[in-house]
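Residue numbers (the working numbering): -18 to 156. Worksheet: one structure, shown below.
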Amino acid sequence: MKLIVVDMQKGLVVEDLYSYDSFVKNVCKLIDCARKNKVEVIYIQHDDGEGSGLSEGDEAFEIAEQVKPKKGEKVFVKKVRTCFSNKMFEEYLEESNDPELMIVGLQTEFCLDATVESAFDRGYRVYLPHGTNSTFDNDYLSGEKTYKFFNEWIWPGIAECITMTKAMKLLDNKK
-18 MKLIVVDMQK
-8 GLVVEDLYSY
2 DSFVKNVCKL
12 IDCARKNKVE
22 VIYIQHDDGE
32 GSGLSEGDEA
42 FEIAEQVKPK
52 KGEKVFVKKV
62 RTCFSNKMFE
72 EYLEESNDPE
82 LMIVGLQTEF
92 CLDATVESAF
102 DRGYRVYLPH
112 GTNSTFDNDY
122 LSGEKTYKFF
132 NEWIWPGIAE
142 CITMTKAMKL
152 LDNKK
């Protein structure tokens, strides 16, 4: 199993996120548990393009301090929603021959959804722990409704939406 941390960047990890405090706390718990149990943690950064404010060289592009990678942990950059758009990331996963991914991060209806669906399409077994993805309110839905829509209706069947307790046990059993 690998823990994939998606778009946890300074410009996105802000208090306007749905359930901000518990979201950040849960992601940090999983990263700590994965590291303790020698489960690889892989980070993905989204680059919106030069001049966007969320591009390489911008402060907002950097990974948030709360979840900063440790030396030696892999970081991949993507320019579109799915993490699999980065061919080096895709090849790395293929070469590792690990069929299980635990995916956490931002934003529920954008990059998380695209990555979950892409992973499923490629035959990965995907785990999504409750409270480890989030998003913002938009013109159509609150962050809470968006979160619930994807976690309770869209993803079950293509991913296993699991409790934090089960997620921690899965990471603990991967020693």
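Even glycine gets a Cβ: it sits at the ideal position worked out from N, Cα and C.
Problem set entry | DSSP-derived helix/strand/coil call for S99 | helix
For this session: Decide if S115 is buried, meaning its Cβ has at least 16 other Cβ atoms within 10 Å, or exposed.
Result: buried
For this session: Would you list the residues sitting across from A140 in a DSSP beta bridge?
Result: P137
Problem set entry | Inter-residue CB distance, V(-14) and V8 (contact presumed, cutoff 8 Å) | 7 Å
Exercise. Mind checking whether K(-9) and E37 have CB atoms under 9 Å apart?
Worked result: no
Exercise. According to DSSP, which residues form a beta bridge with N114?
Worked result: G86
For this session: Could you say which of T89, L87 and V56 lies nearest to Y73 if we only look at CA atoms?
Result: V56
Exercise. Do Q26 and D2 have their C-beta atoms within less than 9 Å of each other?
Worked result: no
Exercise. Is the beta carbon of P137 sitting closer than 9 Å to the one on Y105?
Worked result: no
For this session: With a 10 Å radius around its C-beta and 16 neighbouring C-beta atoms as the bar for buried, classify G86 as buried or exposed.
Result: buried
Problem set entry | Residues sharing a beta bridge with F57, DSSP | I25
Problem set entry | Cα-Cα separation, L109 to E31 | 31 Å
For this session: Determine, using beta carbons only, whether L11 and A100 come nearer to each other than 9 Å.
Result: no
Problem set entry | Buried or exposed by the 16-neighbour rule on C-beta atoms within 10 Å, applied to M83 | buried
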